[in-house]
Amino acid sequence: MLTKNFDNNKKNIVCGAVVCAVSTFFYYWSRTHIKVNALMAGFGTDSRSVPSAIFAFMFAMGLVLIVQSLFRMKKGFVNTKEYKPIPKDDFKHVLLIIGVIIVYGILVRYVGYFVMTTLLLLFLFIYTKVSVKTAAIITVCTLVVLYVLFVIVLKVPITMNVPLI
Numbered sequence: 001m002l003t004k005n006f007d008n009n010k011k012n013i014v015c016g017a018v019v020c021a022v023s024t025f026f027y028y029w030s031r032t033h034i035k036v037n038a039l040m041a042g043f044g045t046d047s048r049s050v051p052s053a054i055f056a057f058m059f060a061m062g063l064v065l066i067v068q069s070l071f072r073m074k075k076g077f078v079n080t081k082e083y084k085p086i087p088k089d090d091f092k093h094v095l096l097i098i099g100v101i102i103v104y105g106i107l108v109r110y111v112g113y114f115v116m117t118t119l120l121l122l123f124l125f126i127y128t129k130v131s132v133k134t135a136a137i138i139t140v141c142t143l144v145v146l147y148v149l150f151v152i153v154l155k156v157p158i159t160m161n162v163p164l165i
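So the sequence shown is residues 1 to 165, counted in our numbering.
Encoded structure:
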């Protein structure tokens, strides 16, 4: 655990190193475990491109955080200001949302992308106290844009499974 005397520059270096390590692992995983979609490969890209780009960007941001903190340390900038911990209620909300997203990621394969995305968006909007009418309008518009963009324009095959009731 980080001690009180561990200034924020050192915390940022540790955080940047963790981000770099995690993004490196997932970059490698995305390049070796995601199958190349033959339709997309003909266009000079494949289905691994976006995940790989995201993890490469995460790695770059981790490096920026490390370099920025090293420069701040070199210039003598030390910030040991103590921050208040996250309130327990806020922490519970964050854990609930992370849990819902994990369940979404697991069920999307079996239930279908559009069904699960609809449920996820509606849950997130209603949970954050957006009116039901606004949540429904934004969800429908988002799904229409996603469908047109990915299915019609880019011709990306998306699971359309519908659960058997």
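Note that CB positions come from ideal geometry on N, CA and C, so glycine has one too.
Small disclaimer: the values here were computed from a predicted structure and weren't measured.
Margin query: Classify F71: buried if its beta carbon has 16 or more other beta carbons within 10 angstroms, exposed otherwise.
Written below: For this step, residue 71 is matched to residue 71 along the sequence shown. Exposed, since its Cβ has fewer than 16 Cβ neighbours within 10 Å.
Next item on the list: Since I believe T139 is in contact with F150 (beta carbons under 8 angstroms), could you give me their beta-carbon distance rounded to a whole number of angstroms?
Entry: Within the sequence shown, numbered from 1, the residue matching residue 150 stands at position 150. Within the sequence shown, numbered from 1, the residue matching residue 139 stands at position 139. Not a contact, Cβ separation roughly 16 angstroms.
Margin query: Output needed for C20: all residues of its chain with C-beta closer than 7 angstroms, excluding positions within five of it in sequence on either side, in chain order.
Written below: Stepping through the sequence shown from its first residue, residue 20 is reached at position 20. The residues are F59, G62, L63.
Note to self: Quick check: L96 and T117, are their CB atoms within less than 8 angstroms of each other?
What the structure shows: As a position in the sequence shown, residue 96 is number 96, starting the count at 1. As a position in the sequence shown, residue 117 is number 117, starting the count at 1. Cβ atoms of L96 and T117: not closer than 8 angstroms.
Next item on the list: Name the residue from D7, S49, G99, I13 whose alpha carbon lies nearest to the alpha carbon of F26.
Entry: Looking up residue 26 in the sequence shown gives position 26. The option with the nearest alpha carbon to F26 is S49.
Item checked: C-alpha distance - Y104 paired with L120, whole-angstrom precision -> Here residue 104 refers to the residue found at position 104 when the sequence shown is read from its first residue. Here residue 120 refers to the residue found at position 120 when the sequence shown is read from its first residue. Approximately 7 angstroms between the Cα atoms of the pair.
Notebook entry, point to check: Closest to S23 by CA distance: which of A53, N12, H33 is it?
Noted result: Reading the sequence shown from its first residue, position 23 is the one you call residue 23. Of A53, N12, H33, the residue nearest in Cα terms is A53.
Next item on the list: Could you name the residues of the same chain whose beta carbon sits closer than 7 angstroms to that of A41, not counting the 5 residues immediately before and after it, in chain order?
Entry: Here the question's residue 41 lines up with position 41 in the sequence shown. Unreliable placement is indicated for A41, whose pLDDT of 48 sits below 50; the coordinate value is still reported in the next sentence. Taken in chain order, the list of residues that qualify is empty.
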